[in-house]
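S.K.: Sharing a structure below in structure tokens format, with a few things to ask.
Residue numbers (the numbering used here): 318 to 450.
Shown next, in the form of structure tokens:
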């Protein structure tokens, strides 16, 4: 697994500048440079409890999750489970990681399916995925 290397390209938008690699022994994912994301989607009212979009050690997991949703390599449930697993591997505390996991399970549906298949295919060029199962 590699560190998350980003540059700021907007007020709350970041671009990956070095490959982000995640390997759990069953799935190898690489988020390539030029992938853009906005951090964890946390309502501002919860920042005092959960943290802001780019704090508290879940940035890599949030980038991975955004990349999985954008590229639609897996179904939504699998994407969310990989997000939970990535947060655990990055030592995000139990309460925080499960709060974030259940939030994406409850409210992430509208962000998952992209009807623009050209856009999905463009994101798939930025997210490499090898499944060993």
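Glycine included, C-beta positions come from ideal geometry on N, C-alpha and C.
(1) Roughly how many angstroms lie between the CA atoms of residue 350 and residue 436, to the nearest whole one?
(2) Compare the C-alpha of residue 387 against each of 416, 323, 425, 429 and name the closest.
(3) Between which two residues does the beta strand (DSSP E) holding residue 448 run?
(4) Would you call the segment 373-387 and the segment 403-412 touching, i.e. three or more CB-CB distances under 8 Å?
(5) List the endpoints of the continuous alpha helix (DSSP H) containing residue 263.
(6) Between the alpha carbons of residue 322 and residue 336, how many angstroms are there, rounded?
M.R.: From the atom records:
(1) 16 Å
(2) 429
(3) 444-448
(4) yes
(5) The displayed coordinates of the chain run from 318 to 450. Any statement about residue 263 would go beyond what the structure contains.
(6) 8 Å
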